[in-house]
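A.B. asks:
Here it is, written out as structure tokens:
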């Protein structure tokens, strides 16, 4: 939508009355469409913008796409599921996707409460990888 002029204008129109923007584009995508953080902050100073990504915008895996099953394997979730005869197994539900959505919802609610005090929105970065690690507590100590 944002890559086409009509879609970009529609999004800007919708954002004029929005409290929250939630997007799961690869880092840099919105900037490429002329909808980067600086522009959004200037035009919509009360907007809470939540970016949900695979690995965040920077770091060794920054900017790469991420998917639930891949993240489950990377954070060790496979190791706590399965049976001895079949080895580690992916959890049958998209647990990382679900958990990341919950973490994002909590962060958004906190940002909205802060906006009531300060009058300013903020940009939130929530990654599947970070949330997957957080969900592994206390099992991560056995994995790493």
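Numbering (the numbering used here), first residue to last: 8 to 151.
We put the CB at the ideal spot given by N, CA and C, even for glycine.
Quantities reported herein were computed from a predicted structural model and do not represent experimental measurements.
Residues bridged to residue 132 by DSSP?
C.D. replies: Locating residue 132 in the chain shown gives position 125, where the first residue counts as 1. Beta-bridge pairing links residue 132 to 58.
A.B. asks: Count the C-beta pairs between the region 65-85 and the region 49-56 that are closer than 8 Å, then say yes if the count reaches three, no if not.
C.D. replies: no
A.B. asks: Shortest alpha-carbon distance to residue 37 belongs to which of 147, 146, 57, 23?
C.D. replies: Residue mapping note: residue 37 aligns to position 30 of the chain shown, counting from 1. Comparing Cα-Cα distances from residue 37 to each of 147, 146, 57, 23, the minimum goes to 57.
A.B. asks: Consult DSSP for residue 16 and reduce its assignment to one of helix, strand or coil.
C.D. replies: Stepping through the chain shown from its first residue, residue 16 is reached at position 9. Note: residue 16 maps to helix in three-state DSSP.
A.B. asks: Does the separation of the CB atoms of residue 142 and residue 99 fall below 8 Å?
C.D. replies: To locate residue 142, count along the chain shown from 1; it is residue 135. To locate residue 99, count along the chain shown from 1; it is residue 92. No, the Cβ-Cβ distance between residue 142 and residue 99 is not below 8 Å.
A.B. asks: Can residue 95 and residue 75 be called in contact, C-beta distance under 8 Å?
C.D. replies: Counting from 1 along the chain shown, the entry for residue 95 is found at position 88. Counting from 1 along the chain shown, the entry for residue 75 is found at position 68. For residue 95 and residue 75, no; Cβs fall outside 8 Å.
A.B. asks: If you follow the alpha helix (DSSP H) that residue 105 is part of, which residue opens it and which one closes it?
C.D. replies: In the chain shown, counting from the first residue as 1, residue 105 sits at position 98. Residues 102-125.
A.B. asks: What does the alpha-carbon distance come out to for the pair residue 193 and residue 126?
C.D. replies: The shown model of the chain, from 8 to 151, leaves out residue 193, and the question about it has no answer.
A.B. asks: In three-state DSSP terms, what is residue 90?
C.D. replies: Within the chain shown, the letter at position 83 stands for residue 90. Strand at residue 90.
A.B. asks: From 22, 124, 88, pick the residue whose C-alpha is nearest to that of residue 46; which is it?
C.D. replies: What you label residue 46 is simply residue 39 of the chain shown in a count that begins at 1. That would be 22, whose Cα lies nearest to the Cα of residue 46.
A.B. asks: So if DSSP puts residue 29 in a beta bridge, which residue, or which two residues, is it bridged to?
C.D. replies: Indexing the chain shown from 1 puts residue 29 at position 22. According to DSSP, residue 29 bridges with 57.
A.B. asks: Which residues does DSSP list as the beta-bridge partners of residue 95?
C.D. replies: Here residue 95 corresponds to residue number 88 of the chain shown, with the count starting at 1. Note: residue 95 sits in a beta bridge opposite 89.
A.B. asks: Under 6 Å Cβ to Cβ from residue 31, same chain only, skipping five residues before and after it: list those, please.
C.D. replies: The sequence position of residue 31 within the chain shown is 24, counting from 1. Here the set comprises 59.
A.B. asks: Check the C-beta distance from residue 148 over to residue 29 and give it rounded, since I have them as a contact under 8 Å.
C.D. replies: Walking along the chain shown from the start, residue 148 turns up at place 141. Walking along the chain shown from the start, residue 29 turns up at place 22. So it is not a contact: roughly 32 Å between Cβ atoms.
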